[in-house]
Amino acid sequence: MRRRDRFVFCAEAIYKSQAETGEIKGHYLNATAGTCEEMIKRAVFARELGVPIVMHDYLTGGDHIHSGTVVGKLEGEREMTLGFVDLLRDDFIEKDRARGIFFTQDWVSMPGVIPVALGGIHVWHMPALTEIFGDDSVLQFGGGTLGHPWGNAPGATANRVALEACVQARNEGHDLAREGNEIIRAACKWSPELAAACEVWKAIKFEFEPVDTIDK
10 MRRRDRFVFC
20 AEAIYKSQAE
30 TGEIKGHYLN
40 ATAGTCEEMI
50 KRAVFARELG
60 VPIVMHDYLT
70 GGDHIHSGTV
80 VGKLEGEREM
90 TLGFVDLLRD
100 DFIEKDRARG
110 IFFTQDWVSM
120 PGVIPVALGG
130 IHVWHMPALT
140 EIFGDDSVLQ
150 FGGGTLGHPW
160 GNAPGATANR
170 VALEACVQAR
180 NEGHDLAREG
190 NEIIRAACKW
200 SPELAAACEV
210 WKAIKFEFEP
220 VDTIDK
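When we follow my numbering, the leftmost residue of the sequence shown carries the number 10, and every step to the right adds one.
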């Protein structure tokens, strides 16, 4: 019963947020259960509530895959990550061992998959994430949202402001790799939420080697 109450609560929050912002919102209602039959019941209930997406822990196919990042906690080699991102999104990709593509792949009519970046990412990473992943991607800020000193909503606002500032700068021809920090600092001048987030995350570093590397 707690699960049903949680589903209803989240669905109501989705519709309230959509009404207030005029934007499409979503939430991963977790349909995971001990049996397939119970999972189906939970997924059907979520569908009856009209939510656009559910999460489950059995891989039967998907529309997005965690692709690793070049920054953050799940750091990997840049070229290998870019190769994997292209492999997910492009219809055809040539063999390129330097980018982790070990054979030429033609996906024919199979639809692409959206790459997902997560794990230790925060507002200072936004320029790199925007440059690396582009528009067709999912950036999941967990602690990078919830760790905001003013709460969850200001954390989400900070991430949104940082993303929009980076996208605008990119579209205007700025070099995100070279000018990224300056772009974020400029956006802080009109977003106190972003300024507070930048202060929190400015000293956060992960001192270990990339986890995704190509064998030499």
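The C-beta atom is built at its ideal place from N, Cα and C for all residues, glycine as well.
The model shown is predicted, which means the values in this text are computed figures rather than measured ones.
- Query: Assuming valine 122 and alanine 167 make a contact with CB atoms under 8 Å, what is their CB distance in whole Å?
  - Reply: In fact, because the Cβ distance is near 28 Å, the residues do not count as touching under 8 Å.
- For histidine 75, the three-state DSSP class (helix, strand or coil): strand
- Task: Look up aspartate 115 in the DSSP assignment and give the residues it is bridged to.
- Result: Aspartate 115 pairs with Phe101.
- Task: Put isoleucine 110 into one of helix, strand or coil per three-state DSSP.
- Result: Note: isoleucine 110 maps to strand in three-state DSSP.
- Query: Using the rule of at least 16 other Cβ atoms within 10 Å of the residue's Cβ for burial, across every protein chain shown, is arginine 51 buried or exposed?
  - Reply: buried
- Item | Buried or exposed (CB count within 10 angstroms, at least 16 for buried), leucine 155 | exposed
- Task: Evaluate threonine 90 with the Cβ neighbour count: other Cβ atoms within 10 Å of its Cβ, from every protein chain shown; 16 or more gives buried, anything less gives exposed.
- Result: Counting every other CB atom within 10 Å of its CB across the protein chains shown gives threonine 90 a total of 16 or more, marking it as buried.
- Message: Please report the distance separating the alpha-carbon of cysteine 197 from that of glycine 151.
- Response: The alpha-carbon atoms of cysteine 197 and glycine 151 are separated by roughly 21 Å.
- Message: By the three-class DSSP mapping on this structure, what secondary structure does alanine 40 have?
- Response: coil
- Message: Within 10 Å of its beta-carbon, does isoleucine 62 have 16 or more other beta-carbons around it, so buried, or fewer, so exposed?
- Response: exposed
- Query: When the Cα atoms are used, what is the spatial distance from glycine 129 to serine 118?
  - Reply: Here the alpha carbons of serine 118 and glycine 129 stand approximately 35 Å from one another.
- Task: Using only alpha-carbon positions, find the residue among Arg194, Gln149, Gly35 that is nearest to glutamate 21.
- Result: Gly35
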